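All remarks here apply to the structure that follows.
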Amino acid sequence: MTLITAGLALWLGACSAPLPPPTEVPGEDGLGGGLQATSLAVDWYSPSGMYPGKGYSSVTGEIQGTCIRADLAPATIGPASADYRIDVASNSRELAQKLGVSSEASIGFGAFSASAKASYTRDQQANSSAVYIIARADIQGPSVNLINPRLMTAAEDPAGDDNAAAYRDDYLAFFSKCGDRYLDSAVTGATYRGVVRVETSSESEKTAVLAEVRARYGTAKGASSVERTVSELSSRYNVSVVEFYDGVLPDSFAKDPETLIANATEFPALFQKKCSGQLISSAQLSCLKVAVFQDYRKLTLTIPDTGAVTRARQAFDQMAEYGLEYQALLNDAMFARDNPHLFKDTAADLAAQAAEAGRRLTQARNSLEACSDNLRACLPAPDLTPPLPDPVTLTRPSWISVGQATSCADYRLKFRASGTSRPDHELPDGGYQLYVGTAAPHTARLWCRGMNTATPAEYLSLVGSNVSVYRDPPLPGAPVPMLTQVRWNKVRIDPATLIVDQQDFTYAAVVSGNDRRAIGFGTAVDALPGWYEGPRTFIKANVDLRGTDFHMDGVFTHVTGTLTGDAGISFPTPQQAEITAPIGGSAGVGGDQLNPGVLRLTVNN
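Position in the sequence shown (from 1) plus 423 gives the number in our numbering.
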């Protein structure tokens, strides 16, 4: 397997981050006793306590002590541009890799496990139904380099250690103090990672969304691709966002897609403001993006006995890999426990699976900690294999598959036909992935109401604000007309025809005005009579399908009354309708009591 290391990225408060798998850079032949020495390029860590010459362990990914002495050639940061691209991750493990979070940090072990990126990825580990899209931006500036590095003698080392002698005679002890590499140079710059999490409700929905997202955005590059990707995702799916910065910190972090787009776009300007003109020296380490750790073999012709370290690395890697698998098993068991209707296992089975995975995860963490404190703990006799069971031997939850359900009732029938009739497997009301339409069925997420009945009904959950309005004439003695507003959280929809029942008020609520006034979805009615002499302003309704799987394509509309000023219907996007009733008239999408017609939606491609 590849080398597993902890990440070295800027760790500042809520914006810290460990690193991705490092890149090996070939060194020059003829040094290090004829062996080929290599350098290791990794993302930067906190400037606090970090400076050129620091040791690094490529086994545990931990920063070690300082065992060399050298000078540093300073550099001044100038203006720089950013490279943008889009990444896609299907689970928390892929997300950790894309964000540069090490295996150890992913399971809560090591100094880097407290970073913001590591904490976020661990929080996502129990969320096995989400898809993650990462907007990446990278800025690279000049480098700073050590001059004439050398291993410190006993007279030079504050601890009085003869590091050159230890390197030659007791490499395992030298490694425990100094690691196998030292910070030889660093690259100035910064990184930005904006994560958009798309929520799904089932394994089949996640598979469909993941395939679509990868096909549409997986190879996108450039600053404009970030804006397009995030805008389209937020308009089509239920999303949440989070940001991570390395090298610089913003004044505020994004909590919504619009701010994320702005922050990503302004990332080069932020770097310019925070870093341009700064002198980087041994006393001032900031705005640094990548640290290059050089092999100690560059400094000496001595050939150390590295066999024990090689064996320790193999054992450490296997323990970390097992720990990741145990964490995944625990995540699956916890998700199944919280969603028992989706799995064949009994509640007792799921509890036992979670307990076993939890025990093994704790055992793996303890083994890694012991190994990090003392590399000799990674060398158990006689065969170096960690005393941990292979994760493939542990039991995983078993999903229930219902195939291509075309309605809530069809989903319920297929579910019951799967042989799961236990009480803890009753289907709850909620979002389900269905195959909708007739000519060429597409997958879409609909809300199923009454899943414990024989006739469940389909509704479309609305993320944005959807309001219909009605203005009554003023009552006798009242100074102004009464404006009634109805807010819609869900609308009834036929999964085969995709026609909306605009008069189903199950998930509609009157938020102002006459609570007995029924105003259909997507409708604005102005009932002011001609004799009314008060001020006449336009009233507006709207339809907002952003965040759903549907849009309006050539839908039926109606307008009655005289079109003046802003009156009428406009479509800012295929998922939005702005409806302004004429004075004394009405307007809407679809039909109403006076205008026969239907509102038929279209599934997003």
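Think of the CB as a built atom: it goes at the ideal place given N, C-alpha and C, for glycine as much as any other residue.
Keep in mind it's a predicted model, so treat the numbers as computed, not measured.
E681 and G617 do not touch by the CB rule: their CB atoms are close to 12 Å apart, not below 8 Å. Here the stretch 780-789 lies against the stretch 732-749, with 3 or more beta-carbon pairs under 8 Å apart. Rounded to whole angstroms, the separation of the alpha carbons of R915 and R872 is 10 Å. Taking C-beta separations shorter than 6 Å and ignoring five residues to either side along the sequence, the partners of A677 in its chain run V664, E666, L683 and N686, following chain order. Contact between Y893 and V948 is confirmed by a C-beta separation of about 5 Å, below the 8 Å threshold.
Sequence-distant partners of E622 (beyond 5 residues in either direction) whose C-beta falls short of 8 Å from its own C-beta, in its chain, are S552, A553, Y660, N661, V662 and S663.
Between the alpha carbons of A775 and F973 lies a gap of roughly 41 Å.
Per DSSP, Y615 lies in no alpha helix (DSSP H); the unbroken beta strand (DSSP E) holding it starts and ends at R604 to V621. Minimum Cα-Cα distance from I922 among the listed residues L1022, T980 and K696 corresponds to L1022.
Taking each of V610, L522 and T729 in turn and checking the Cα distance to V715, the smallest one comes out for V610. By the neighbour-count criterion, in which a residue is buried when 16 or more other Cβ atoms sit within 10 angstroms of its Cβ, I562 is buried. For I942, there is no enclosing beta strand (DSSP E), as DSSP gives it neither H nor E. For the pair G860 and T816, the Cα-to-Cα distance works out to about 43 Å.
Nearest Cα to N937 within the set T652, P864, T907 and Y615: T907.
Sorting A496, A589, G945 and S504 by C-alpha distance to the C-alpha of I726 places A589 at the top.
In the DSSP assignment, the residues bridged to T489 are K477. Here V482 is buried. Its C-beta has 16 or more other C-beta atoms within 10 Å. With 16 or more other Cβ atoms inside 10 Å of its own Cβ, T489 counts as buried. Boundaries around V732 are those of the alpha helix (DSSP H), G730 to D761, since no beta strand (DSSP E) includes it. Excluding five sequence positions before and after P904, the CB atoms of its chain that fall closer than 7 Å to its own CB belong to R894, D895, P896, P897 and L951, given in chain order. Taking the Cβ atoms as the reference, A638 lies roughly 12 Å from I509, outside the contact range of under 8 Å. Per DSSP, P572 is not a residue of any alpha helix (DSSP H); the beta strand (DSSP E) it occupies stretches across V554 to L574. Each residue's CA atom was taken as its position, placing L850 and T971 some 22 Å apart. Here C831 is near P879, since their CB atoms are less than 7 Å apart.
For the options F694, T652 and S654, the alpha carbon positioned closest to that of D669 is the one of F694.
In the DSSP secondary-structure assignment, M905 is bridged to D895. Runs of the beta strand (DSSP E) spanning 3 or more residues and lying entirely within the stretch 632-677 occur at 662-669, in chain order. Taking C-beta atoms as the reference points, G602 and G478 count as a pair closer than 7 Å. The beta-carbon distance between V653 and A512, rounded to whole angstroms, is 15 Å. This is too long to meet the 8 Å contact definition.
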